[in-house]
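Report on the structure given below.
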Amino acid sequence: MHEEKTVSYTTQNTYYTLNTFTVKTKKIWLVCHGIGYLSTYFLDHFKHLDPDENYIIAPQAPSKYYQDKKYKYVGASWFTRVNTQLEIQNVTNYLDQVYEQEISAKLQGPVKLTILGYSQGVSAVTRWLAHAKVYCDNLLLHSGSTPREFHSETFKHLNHTKVSVIYGTDDMYLSESKMIAELNYLKSIFNNKLNIIHFKGKHEVHEPTLLHLSLM
108 MHEEKTVSYT
118 TQNTYYTLNT
128 FTVKTKKIWL
138 VCHGIGYLST
148 YFLDHFKHLD
158 PDENYIIAPQ
168 APSKYYQDKK
178 YKYVGASWFT
188 RVNTQLEIQN
198 VTNYLDQVYE
208 QEISAKLQGP
218 VKLTILGYSQ
228 GVSAVTRWLA
238 HAKVYCDNLL
248 LHSGSTPREF
258 HSETFKHLNH
268 TKVSVIYGTD
278 DMYLSESKMI
288 AELNYLKSIF
298 NNKLNIIHFK
308 GKHEVHEPTL
318 LHLSLM
């Protein structure tokens, strides 16, 4: 009879940044990619933002894998349905360290923090925020489904956060009925405080919306 056991050990993970944090920086972005991405390529979607005013940090999902039979393209995911609670704990511990190393000391004066999750990254950022109780000025939930494990008190520390939901009207993963259910759920956990942004497009990062939000 086999038995599953666990072991704790020290590990390391990378993350990437875009632009340089200076006295001109107005916004720090923590952006979590979707399944199949690597963070270095995810940053390409933010290159059109003003480099003087925006400092972008892209954490790397820990579980890398080959996406093709020729073993050429590598992607990564944040969670799977196997040992999900362990994966959540590991991801939140990792994001805690990224926050402490890159963000915490920089949030002084007028500098604002935007946290974005795209696709599966929505699960990563919401689970981390539920755990860490970190405050952000803007929370962007882009083309993803929010885990159904939260309630009206979970994000009480974000009462003054502007929460935006971004999605494409032709997203093959978000049917109309699924999107209605998602928005109703989000209204229940964020107390009806949603800025809903939809665009004509599929399951893709919508760069014009990111540019618009960066200027606000």
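For what it's worth, my numbering labels the leading residue of the sequence shown as 108, then goes sequentially.
Ideal placement from N, C-alpha and C gives every residue a C-beta, glycine not left out.
These figures come from a predicted structure and were not determined experimentally.
Ignore the nearest five residues each way along the sequence and tell me which others in residue i's own chain have a CB closer than 6 Å to its CB.
i: residue 169; result: 120
i: residue 227; result: 141, 142, 185
i: residue 57; result: The requested residue 57 is not part of the displayed model; the chain covers only 108 to 323.
i: residue 199; result: 235, 238
i: residue 76; result: Past the edges of the chain, shown from 108 to 323, lies residue 76, and the structure says nothing about it.
i: residue 171; result: 181, 183
Inspect the beta-carbon positions of residue i and residue j and report whether they are closer than 8 Å.
i: residue 179; j: residue 161; result: no
i: residue 329; j: residue 145; result: The question about residue 329 has no answer here: the residues shown for the chain are numbered 108 through 323.
i: residue 122; j: residue 164; result: yes
i: residue 275; j: residue 319; result: no
i: residue 356; j: residue 250; result: Since the first residue shown for the chain is 108 and the last is 323, residue 356 is missing from the structure and cannot be characterised.
i: residue 312; j: residue 152; result: yes
i: residue 139; j: residue 216; result: no
Between residue i and chain B, is any beta-carbon pair separated by less than 8 Å?
i: residue 189; result: In the structure shown, chain B does not exist; there is a single protein chain.
Please return the same chain residues whose Cβ sits closer than 7 Å to the Cβ of residue i, not counting the five positions on each side in sequence.
i: residue 295; result: 259
i: residue 254; result: 230, 233, 234
i: residue 159; result: 131
i: residue 286; result: 274
i: residue 314; result: 152, 155
Considering only the alpha carbon of each residue, which of the options lies closest to residue i?
i: residue 366; options: 204, 303, 305, 308; result: There is no way to answer for residue 366, as the model of the chain reaches only from 108 to 323.
i: residue 302; options: 129, 291, 181, 212; result: 291
i: residue 306; options: 177, 278, 293, 285; result: 278
i: residue 115; options: 284, 193, 109; result: 193
i: residue 87; options: 125, 206, 113, 109; result: Nothing in the structure corresponds to residue 87, since the chain is present only between 108 and 323.
i: residue 202; options: 109, 137, 131; result: 137
i: residue 129; options: 312, 284, 212, 315; result: 212
i: residue 190; options: 262, 111, 214, 256; result: 111
What whole-angstrom Cβ distance do residue i and residue j have, given they're in contact under 8 Å?
i: residue 222; j: residue 246; result: 5 Å
i: residue 248; j: residue 218; result: About 22 Å separates the two Cβ atoms, so there is no contact after all.
i: residue 244; j: residue 220; result: 6 Å
Residues in the same chain with beta-carbon distance under 8 Å from residue i, minus the five sequence neighbours each way, listed in chain order, please.
i: residue 298; result: 259, 266
i: residue 206; result: 137, 239, 241
i: residue 174; result: 143, 180, 181, 182
i: residue 113; result: 193
i: residue 293; result: 248, 253, 270, 272, 301
Original post:
Which runs of the alpha helix (DSSP H) fall wholly inside the region 233–269 and span at least 4 residues, in chain order?
Top reply: For secondary structure counted as the alpha helix (DSSP H) over 4 or more consecutive residues, the region 233–269 holds no complete run.
Original post:
Considering only residues of the region 168–243, which uninterrupted beta strand (DSSP E) runs meet the minimum length of 3 residues and lie entirely inside it, listed in chain order?
Top reply: 170–173, 181–184, 219–225
Subject >> Within the region 119–164, ranges of the beta strand (DSSP E) (whole runs, at least 3 residues) >> reply: 122–125, 134–139
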